[in-house]
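Residue numbers (the numbering used here): 713 to 1039.
For each residue, glycine too, the CB sits at the ideal point set by N, CA and C.
Keep in mind that this is a model prediction, so the values were computed, not measured.
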């Protein structure tokens, strides 16, 4: 029996799942939103379609978009019960059935030690996290979700850098800037090797920071409070903002959007160049992650380009690599 491969990029803001053959890829994105406890059974007006309750070693969690989500910004998130449940929920949503293999990543800073050797303890802990059973509560009782038969752990951004097309500049460095919901990661690779002295993470600099600034600017201009979802949809998807049934002036929204993107991009530029020392010697700067399109035109790097599929760049790169290794 063949084993289906599911590649998962388990970010702070969203869980991305990719599976399928090269010509028939399937992509799923679910928000990383869960709360400790059984909030569905507590009856907050949610439905089975809106929330689901999961049990696992370390706690019970309710997953749903309408919940007040737990903060995923903690150091052990990648190996936590919360992460395990969010990934299991996404795999269940994507239709994972036994037997299947899971490819999932660790940030470069967790995958490798400071001396560049793999951090075996962290890699083993990440693998074990996803081999630990998760049960879905139903009206007929808990149901065990399928556990992956194989768990591949790969470094985030690294495989994207390895597969970058830089033409005849194969000796030049390649930089990958991964703009996530809450962090921005920088990876610089040259001649097949990571330059760890030029890699790092910018905490609290990502799409969420731009949403915060945009929301604050619109609230200051209108004197009214916005919900987080309204601000997010207006900034990222350019949806109109309505307050008390009336649309907020387009000029106010556009000005707030431009200033928010410009301000956060300026902080990112400073942080990336400080960490990487310079990007001038790089053959390319590849932007990936959920913020790639949002910030692509705001950086001063002429050789920067958004990946063809920035949200799924990591998952797709892992999928292609493992397909080649296991034809």
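So what does DSSP say about residue i, is it helix, strand or coil?
i            : result
residue 987  : helix
residue 923  : helix
residue 950  : coil
residue 956  : coil
residue 963  : helix
residue 729  : strand
residue 694  : Absent from the structure is residue 694, since the part of the chain shown begins at 713 and ends at 1039.
residue 764  : strand
residue 754  : Confidence is the limiting factor: at residue 754 the pLDDT is only 46, short of 50, which leaves the residue's position unreliable, though a coordinate-based value still follows. The answer is helix: DSSP assigns residue 754 an H, G or I state.
residue 1006 : helix
residue 981  : helix
residue 832  : helix
residue 969  : helix
residue 785  : coil
residue 759  : Annotation note: pLDDT 42 at residue 759 (below 50); position unreliable, no value reported.
Report yes if the CB atom of residue i is closer than 8 Å to the CB atom of residue j, and no otherwise.
i            : j            : result
residue 944  : residue 897  : no
residue 768  : residue 845  : yes
residue 920  : residue 858  : no
residue 1003 : residue 918  : yes
residue 968  : residue 1024 : no
residue 883  : residue 861  : no
residue 874  : residue 885  : no
residue 717  : residue 731  : yes
residue 987  : residue 912  : yes
residue 992  : residue 881  : no
residue 751  : residue 866  : no
residue 1007 : residue 923  : no
residue 790  : residue 728  : no
residue 740  : residue 800  : no
residue 1033 : residue 889  : no
residue 835  : residue 814  : no
residue 715  : residue 812  : yes
residue 711  : residue 765  : As shown, the chain starts at 713 and ends at 1039. That puts residue 711 outside it, with no answer to give.
residue 748  : residue 777  : no
For the beta strand (DSSP E) that contains residue i, what are its first and last residues?
i           : result
residue 747 : 746-748
residue 797 : Element bounds for residue 797: not the beta strand (DSSP E) but the alpha helix (DSSP H), 793-806.
residue 718 : 716-722
residue 735 : It is not in any beta strand (DSSP E) - residue 735 carries neither H nor E in the DSSP assignment.
residue 854 : 853-856
The alpha helix (DSSP H) spanning residue i covers which residue range?
i            : result
residue 823  : 820-823
residue 775  : Counting along the chain, residue 775 falls outside any alpha helix (DSSP H), though it belongs to the beta strand (DSSP E) covering 771-776.
residue 1032 : 1025-1037
Report the partner residues of residue i according to the DSSP bridge assignment.
i            : result
residue 888  : 899 and 998
residue 1014 : According to DSSP, which records beta bridges pairwise, residue 1014 is partnered with nothing at all.
residue 913  : 897
residue 817  : 866
residue 845  : Paired residues: none, contrary to the question.
residue 938  : DSSP output for residue 938 lists no bridge partner at all.
residue 918  : Residue 918 is not bridged to any residue.
residue 740  : 729
residue 906  : 901
Review point. Using 8 Å as the threshold, is the stretch 907-915 in touch with the stretch 944-962, meaning 3 or more CB pairs across them?
Key: Verdict: no, contact absent.
Exercise for review: Count the C-beta pairs between the stretch 933-944 and the stretch 997-1016 that are closer than 8 Å, then say yes if the count reaches three, no if not.
Suggested key: At 8 Å Cβ cutoff, the stretches do not touch.
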